[in-house]
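Student: In terms of the working numbering, the sequence shown is numbered consecutively and its last residue is 215. Using N, Cα and C, we set each Cβ at its ideal position, and we do this for glycine too. Sending over a structure as structure tokens; questions will come in a sec.
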Amino acid sequence: MKKPPLGILISGHGSNLQAIIDAIETGFLSAKIACVVSNKKEAYGLKRAEKHRIPTHVIRHQDYPSREAFEKALIQVFDPYKIELVILAGFMRVLTPQFIRHYPHRIMNIHPALLPSFPGVEAIQQAYDYGVKVTGVTVHLIDEGTDTGPIILQTTVPLKPDDTLESLTERVHAVEHKLYPQAIQLFAEERLEIQGRKVLIKDS
Numbered sequence: 012m013k014k015p016p017l018g019i020l021i022s023g024h025g026s027n028l029q030a031i032i033d034a035i036e037t038g039f040l041s042a043k044i045a046c047v048v049s050n051k052k053e054a055y056g057l058k059r060a061e062k063h064r065i066p067t068h069v070i071r072h073q074d075y076p077s078r079e080a081f082e083k084a085l086i087q088v089f090d091p092y093k094i095e096l097v098i099l100a101g102f103m104r105v106l107t108p109q110f111i112r113h114y115p116h117r118i119m120n121i122h123p124a125l126l127p128s129f130p131g132v133e134a135i136q137q138a139y140d141y142g143v144k145v146t147g148v149t150v151h152l153i154d155e156g157t158d159t160g161p162i163i164l165q166t167t168v169p170l171k172p173d174d175t176l177e178s179l180t181e182r183v184h185a186v187e188h189k190l191y192p193q194a195i196q197l198f199a200e201e202r203l204e205i206q207g208r209k210v211l212i213k214d215s
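Structure, rendered in structure tokens:
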């Protein structure tokens, strides 16, 4: 099986990046991380990548006059690596249509809630404060909306009566770290078929 080159965008700690690295190193995930790019030079995820000898780049959005100019710089970094799938792993920037069209149906994101519920930031806290009985994790493709793209995989996380925000956050993140590599592996196996808003998973 071919190993599609991944371009991973981060802004912070990089725990989902680490989960992807681990899945590749254990043989679960048939992909290669071609490079990791952060818009923040202090992002700890850069150290995670460097520890595994993965090329890293820092492209600070503050250094560019517009979002489009910033994303053009991202594309210029990615293109020589022949990136097949862009992975958002805690990347705290909203992408423009220009960037999304450059990678049609090839940008994947993970969201710590069951979309379309609780889109945007602080999704775990939103679910906790609302008092839902079940929340979860969604892996989806990026479109031109905010957390509105076609859904690839979802997993539920029940709330316990004695949950704190911290305990719920820990359980949601643990599910993220399992679900994201699964979704990327489906892409690597060419098992994802997009039909409008639906993503069909073909038999292996």
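(1) Label Arg-59 either buried or exposed according to how many other C-beta atoms from any shown protein chain fall within 10 Å of its C-beta, with 16 as the threshold for buried.
(2) Leaving out five residues before and five after Arg-122 in sequence, what residues of the same chain have Cβ atoms less than 6 Å from its Cβ?
(3) Around the C-beta of Thr-146, are 16 or more other C-beta atoms found within 10 angstroms, so that it is buried, or is it exposed?
(4) With which residues is Asn-120 paired in a DSSP beta bridge?
(5) Between the region 46-57 and the region 80-97, can you find at least three pairs of beta-carbon atoms closer than 8 Å?
(6) Enumerate in chain order the residues of its own chain whose CB-to-CB distance from Pro-15 is below 6 Å, with the five nearest sequence positions on each side excluded.
(7) Give me the Cα-Cα distance between Thr-67 and Met-12, rounded to the nearest whole angstrom.
(8) Determine, using beta carbons only, whether Gly-23 and Tyr-75 come nearer to each other than 8 Å.
(9) Taking the straight line between their C-alpha atoms, what separation do you get for Ala-30 and Ser-77?
(10) Among residues of its own chain, excluding the 5 on either side of Phe-39, which ones have a beta-carbon nearer than 8 Å to its beta-carbon?
(11) Should the region 169-181 be called in touch with the region 105-117, which here means at least 3 C-beta pairs below 8 Å?
(12) Am I right that Leu-164 and Ala-194 are in contact with their C-beta atoms under 8 Å? What's the rounded C-beta distance?
(13) Glu-177 by DSSP, collapsed to three states: which one?
(14) Thinking just about the alpha-carbon of each residue, which of Gly-25, Ile-162 and Lys-62 is nearest to the one in Pro-127?
(15) Can you check which of these residues, Pro-130, Thr-37, Ile-118 and Phe-102, is closest to Leu-203 by C-alpha distance?
(16) Per DSSP, what kind of secondary structure is His-188 in: helix, strand or coil?
(17) Considering Lys-227, what are the terminal residues of the beta strand (DSSP E) in which it resides?
(18) Let me check understanding here. Comparing Cα to Cα, which of Ile-65, Pro-130 and Ala-138 lies closest to Gly-156?
(19) Do you know whose CA, among Met-103, His-72, Gly-142 and Glu-201, lies nearest Gly-25's CA?
(20) Please give the ranges of any beta strand (DSSP E) in the region 16-81, keeping only runs that are unbroken, at least 3 residues long and fully inside the region.
Tutor: The structure says:
(1) buried
(2) Sequence check: residue 122 is His here, not Arg. Contacts found: Thr-149 and Asp-158.
(3) buried
(4) Leu-99 and His-151
(5) yes
(6) Ala-42, Glu-95, Leu-96 and Ala-199
(7) 26 Å
(8) no
(9) 32 Å
(10) Pro-192 and Gln-196
(11) no
(12) 5 Å
(13) helix
(14) Ile-162
(15) Ile-118
(16) helix
(17) Residue coverage of the chain in this structure runs from 12 to 215, which leaves residue 227 outside it and unanswerable.
(18) Pro-130
(19) Met-103
(20) 16-21, 43-49 and 67-69
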